[in-house]
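Structure first, commentary second.
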Amino acid sequence: MLGQEGESVDSIDVVEVSVDERAVSDRVESGVATNSVAKGLPDVVADLRASFKEMSGVGEKIEGCLDLMGKCLVQQHKPSFRGFWEARKLLFELFADPSLAPGDRTHYQGICKDLSREALFLKDRVKEVSNFAAQQIELAIQAMKVELGQAVEVPADWDSGVLPECLEADSRFYFESHSRLLRLSALAERLRGLREEVLAISMRGKLKRKLLDGLSEVGNILFPEKRELGRVLGDRFLEDVGRFVQGVTNGHFSAKPALHLLSEVRRFQALAKELQLSRTTFKNARVSLSACWDRLNAVISQKREKFEERRELSKTNCETLRLRIEGLISAYQGATLSDENFERELGLIQREMRGMDLNRDSVFLLKKMLKDAKIPLVERRAKEMEQRREADRQAAQEREKCLQELRVRLAELLDRVLAFNGRDLELFDEEYRHLCERCRTPLIWRSDRVTLDKLLKQIKHALEDRRRAPLMEVSSAEGESIESIRGRLEQLVACRDEVRERLDAHKKSVGASGLDLERALYLGQMMQQDKERLVELRRVISEMELVLQEKSRNG
0 MLGQEGESVD SIDVVEVSVD ERAVSDRVES GVATNSVAKG LPDVVADLRA
50 SFKEMSGVGE KIEGCLDLMG KCLVQQHKPS FRGFWEARKL LFELFADPSL
100 APGDRTHYQG ICKDLSREAL FLKDRVKEVS NFAAQQIELA IQAMKVELGQ
150 AVEVPADWDS GVLPECLEAD SRFYFESHSR LLRLSALAER LRGLREEVLA
200 ISMRGKLKRK LLDGLSEVGN ILFPEKRELG RVLGDRFLED VGRFVQGVTN
250 GHFSAKPALH LLSEVRRFQA LAKELQLSRT TFKNARVSLS ACWDRLNAVI
300 SQKREKFEER RELSKTNCET LRLRIEGLIS AYQGATLSDE NFERELGLIQ
350 REMRGMDLNR DSVFLLKKML KDAKIPLVER RAKEMEQRRE ADRQAAQERE
400 KCLQELRVRL AELLDRVLAF NGRDLELFDE EYRHLCERCR TPLIWRSDRV
450 TLDKLLKQIK HALEDRRRAP LMEVSSAEGE SIESIRGRLE QLVACRDEVR
500 ERLDAHKKSV GASGLDLERA LYLGQMMQQD KERLVELRRV ISEMELVLQE
550 KSRNG
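Residues 0 to 554 in numbering that gives the first Met the number 0 are what the sequence shown lists, from first letter to last.
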């Protein structure tokens, strides 16, 4: 700071001190001197004056004063201006001592001027800092007033799970009241801190009084609201605690387990510690909850005794069933007990377990013994099942072989029938009936008969077409008698009606729901063939009727 000395030398008003100048004052010293009269000398100055008795010369005393002045300016928290000016006043008295050499006086006066400039510079800086601090404190007071008027906002995702279940309906009240009380407590702490800061800052008395009045105004609003809210919250909490304790005493919560009620008591205790309750309220709540805790512990002790009794009973029942299971295993291994009887006895024991008092460990042990006892029986049945599966696989192979053979023979028969041009169909009919019987054997499943039935129907229709071939030769009717032509015509009409009925049946089947794609395609193919047959039959019947009419006219 001494480096700024050249910038403010002309603006500093320091009085030159001469030998006979006793009353020297400037704009700072006058106020300090006035206050020093009322407040008395600081301790450091009084100690310095007392130490003068041990000093021999004036120069040593002046150096002590200058050293004290420098220490007053470099204190850790803030400069001690009062001690500085009191030490400076004492220095002026020493300057007036006639025994001080003029050269020494001039040297010491220069040091005093430098310290005085530094003190004035520091005083200006302290004043600026004090003004800035006063502005910040005023802004803080205004912010506290605004914050006092704001309401508590409940967040959208707030969780009431920390509260006891019986207080879930009042969770919003507790949240808002506790949040408001926390805010008021924080404001109260901030208010005390600002008051201590105002008292600690060196500033004008008018400004300090203004700030203290502003803090008092905030306190007059804050502390009554805080006391009233704490009282309302404490009374409500005591009322809820009393209602819970009374419900436990009267058995209103008998449906809930005692351990759950103990956790509810713990939640009440945690909530009592969290809420800012008064000592009396906290003590009354703690006493009520402690009594409820003891009562629940007594109930749990009774249940624990009953549990011990049931455990002993479970142990006895478990030992009895274990011996029975071991006896059954021994009998089964000795081949004196059949598989059915062994399984029936194990099932009987398993059913008896459901009606007996058994704890979890006993049930687990007995189930494991039953499972281990069934292992030989399960392995034997698995082996039998594997043998049956092997037999089924062999039967499936035989069935597939037989099915493939029938498909080949039917396809060959169909090709031979279609390629045959003669009239003797007895061999084909006999082979057709033989293959029909083969297709109806139990070895062929119903699902496999679908493909075979399609081939059989095609063979049947092909045979029918070959039988109708002589009837449909119109050219041969010229040399026949009228009776023969009529007979052929009647047979053709019967064939036409049969094909028409079959075509109608196929149409109904196609129109039915639930028909798969393969079946629909097959029926469509059969319908197309029947339509072609029906068209051909109608043509032949028309020509035969014309021939019959011609014969009748010529007849």
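For each residue, glycine too, the CB sits at the ideal point set by N, CA and C.
Query, Result
"Own chain residues within Cβ distance below 6 Å of residue 107, not counting five before or after", "61"
"Whole-number beta carbon distance between residue 327 and residue 372, since they are thought to touch under 8 Å", "7 Å"
"Check whether residue 355 and residue 296 have beta carbons under 7 Å apart", "no"
"Cα-Cα separation between residue 536 and residue 542, rounded to whole angstroms", "10 Å"
"Residue nearest to residue 570 in terms of C-alpha spacing, selected from 114, 104, 149, 434", "With the chain covering only 0 through 554, there is no way to say anything about residue 570."
"Close-in-space but distant-in-sequence residues of the same chain around residue 118 (CB under 7 Å, 5 per side omitted)", "72, 80, 83"
"Beta-carbon spacing of residue 461, residue 520 below 7 Å", "no"
"Cβ-Cβ distance between residue 225 and residue 183 below 7 Å", "yes"
"Start-to-end residues for the alpha helix (DSSP H) that takes in residue 353", "338-353"
"Cβ-Cβ distance between residue 401 and residue 455 below 7 Å", "no"
"Backbone CA spacing between residue 344 and residue 322 [nearest angstrom]", "13 Å"
"At least 3 beta-carbon pairs within less than 8 Å: the region 275-283 vs the region 236-251", "yes"
"Within 7 Å, strictly: CB atoms of residue 218 and residue 190", "yes"
"Same chain, Cβ closer than 7 Å to residue 341, neighbours up to 5 away in sequence not counted", "327, 331, 376"
"Extent of the continuous alpha helix (DSSP H) to which residue 556 belongs", "Because the chain spans 0 through 554 in this model, residue 556 falls outside it and cannot be assessed."
"Best match in 398, 391, 496, 490 for proximity to residue 448 [C-alpha to C-alpha]", "398"
"Residue span of the alpha helix (DSSP H) that contains residue 115, given as start and end", "101-148"
"Spatially closest choice to residue 290 from 58, 276, 241, 111, by CA coordinates", "241"
"Straight-line gap, residue 192 to residue 265 (C-alpha atoms, nearest Å)", "35 Å"
"Residue nearest to residue 115 in terms of C-alpha spacing, selected from 97, 78, 135, 102", "78"
"Local Cβ density within 10 Å of residue 384, reported as buried at 16 or more and exposed below that", "exposed"
"Neighbour-count burial assignment, residue 12, 16 or more Cβ in a 10 Å radius", "Summary for residue 12: the model assigns pLDDT 33, below 50, so the residue's position carries little reliability; its value from the coordinates is reported in the next sentence. Counting Cβ neighbours within 10 Å, residue 12 comes out exposed, since fewer than 16 surround it."
"Separation of residue 100 from residue 54, as counted between CA atoms", "17 Å"
"Simplified DSSP assignment, three categories, for residue 177", "helix"
"Start-to-end residues for the alpha helix (DSSP H) that takes in residue 555", "A query on residue 555 cannot be resolved here, the shown segment of the chain reaching from 0 to 554 and no further."
"Residue 216 versus residue 87 - alpha carbon distance", "42 Å"
"Secondary structure of residue 260, DSSP reduced to three states", "helix"
"Between the CA atoms of residue 308 and residue 324 - distance to the nearest angstrom", "25 Å"
"Proximity to residue 424 [Cα-Cα], best of 410, 104, 459", "459"
"Coil, strand or helix - residue 506 by DSSP", "helix"
"Residue 311, buried or exposed, once every other Cβ within 10 Å from all chains shown has been counted against 16", "exposed"
"Distance cut-off 6 Å: residue 277 Cβ against heavy atoms of the ligand ATP", "Absence of the ligand ATP is noted for the structure shown, with no ligands found whatsoever."
"Identity of the residue in 508, 548, 491, 516 nearest residue 533 by Cα", "491"
"Secondary structure of residue 84, DSSP reduced to three states", "helix"
"Residue 223 classed as buried or exposed, judged by whether at least 16 other C-beta atoms fall within 10 angstroms", "exposed"
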